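Residues 0 to 179 in numbering that gives the first Met the number 0 are what the sequence shown lists, from first letter to last. The C-beta atom is built at its ideal place from N, Cα and C for all residues, glycine as well. No experiment lies behind these values; they were computed from the predicted model shown.
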Amino acid sequence: MRKFAQFLFRTFGWKIDKNSPQGVKKAVVVVAPHTSNWDFIIGRLAFASYGIKVRLLIKKDLFFPPLGWILKGMGGIPVDRKKNNNITEFAVEQFEKNEEMFMVFTPEGTRSYNPKWKKGFYYIAREAKVPIYMAYIDYENKTGGFHGLFEPTGDIEKDINFIKSELKQYKGKFPENGIR
């Protein structure tokens, strides 16, 4: 799958950043900017090019045949957002059950511009005691990859602002909806 993903990535004119996550077996991965449905496909190809299996929390409503089978095959974990579930606790349990796991989040929570990021990824990283990898999809330069590793300090506002400042250099498919 890795070679095939690399082939597709190159065929579409994209490059993968060579900074791969060395020596880290578990992490929350924050991908930004998220401005298009294409981000999912490009992101999956990028992660597969690295040889990394990722997990994604996806609303349960999308897990109907045949889409549900495809989503599960691509690392999707169904979550019922309508019930009063503790998604943070659920995600932490997933980290505890797996020796290796990269759980991916798009903290904007929408493809439209959103200055107020969702904070669940941060709480999950803190509770699971895993680092946060900052990752990106840059349509302007047709590159995708890992920007760097970040250890949460406990100062959520400061940390999220730092992550935003690091990732705002990358341009989404619709730059006007990206990080400002």
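Between the Cα of residue i and those of the options, spot the shortest distance and give me the residue it belongs to.
| i | options | result |
| --- | --- | --- |
| Tyr138 | Ala124, Val103, Pro151, Glu175 | Glu175 |
| Ile86 | Ile155, Phe149, Lys117 | Lys117 |
| Ile41 | Gly177, Gly171, Ala90, Arg179 | Gly171 |
| Ala90 | Lys163, Lys25, Lys141 | Lys25 |
| Asn160 | Ala31, Phe3, Trp37 | Ala31 |
| Ser111 | Leu66, Asp38, Lys2 | Asp38 |
| His146 | Ser164, Asp158, Asn18, Phe3 | Asn18 |
| Val27 | Phe6, Phe173, Val103 | Val103 |
| Gly108 | Asn84, Phe149, His33 | His33 |
Measuring straight from C-alpha to C-alpha, what distance separates residue i and residue j?
| i | j | result |
| --- | --- | --- |
| Arg43 | Met73 | 8 Å |
| Lys167 | Val129 | 23 Å |
| Ser35 | Phe8 | 17 Å |
| Pro114 | Ile178 | 7 Å |
| Pro20 | Phe63 | 33 Å |
| Tyr135 | Gly119 | 19 Å |
| Ser164 | Leu66 | 35 Å |
| Asn84 | Leu55 | 17 Å |
| Phe3 | Gly50 | 11 Å |
| Glu99 | Lys71 | 17 Å |
What is the DSSP secondary structure of residue i, reduced to helix, strand or coil?
| i | result |
| --- | --- |
| Phe154 | In the sequence as presented, Phe is not what sits at residue 154; that position holds Asp. Asp154 falls in the coil class under three-state DSSP. |
| Tyr135 | strand |
| Lys2 | helix |
| Pro114 | coil |
| Ala90 | helix |
| Ala31 | coil |
Are the CB atoms of residue i and residue j nearer to each other than 8 Å?
| i | j | result |
| --- | --- | --- |
| Val53 | Phe11 | no |
| Gly143 | Asp60 | no |
| Pro106 | Arg125 | no |
| Ile155 | Tyr132 | no |
| Lys141 | Lys14 | yes |
| Ile162 | Val29 | yes |
| Gln93 | Ile69 | no |
| Arg1 | Ala45 | no |
So, does the CB of residue i fall closer than 8 Å to a CB anywhere in chain C?
| i | result |
| --- | --- |
| Glu95 | Reference to chain C is not applicable here, since this structure consists of a single protein chain. |
Can you list, in chain order, the residues of its chain with a C-beta nearer than 7 Å to that of residue i? Leave out the 5 residues immediately preceding and following it.
| i | result |
| --- | --- |
| Lys58 | Val78, Arg80 |
| Phe149 | Pro130, Ile131, Met133, Ile162 |
Can you find the residues in the same chain that come closer than 8 Å, C-beta to C-beta, to residue i, ignoring five residues on each side of it along the sequence?
| i | result |
| --- | --- |
| Phe173 | Thr34, Ser35, Arg110 |
| Glu88 | Glu126 |
| Phe6 | none |
Near residue i, which residues of its chain fall below 6 Å by C-beta distance, leaving aside the five closest residues on each side in sequence?
| i | result |
| --- | --- |
| Asp158 | Pro151, Thr152 |
| Ile123 | Val27, Thr87, Ala90 |
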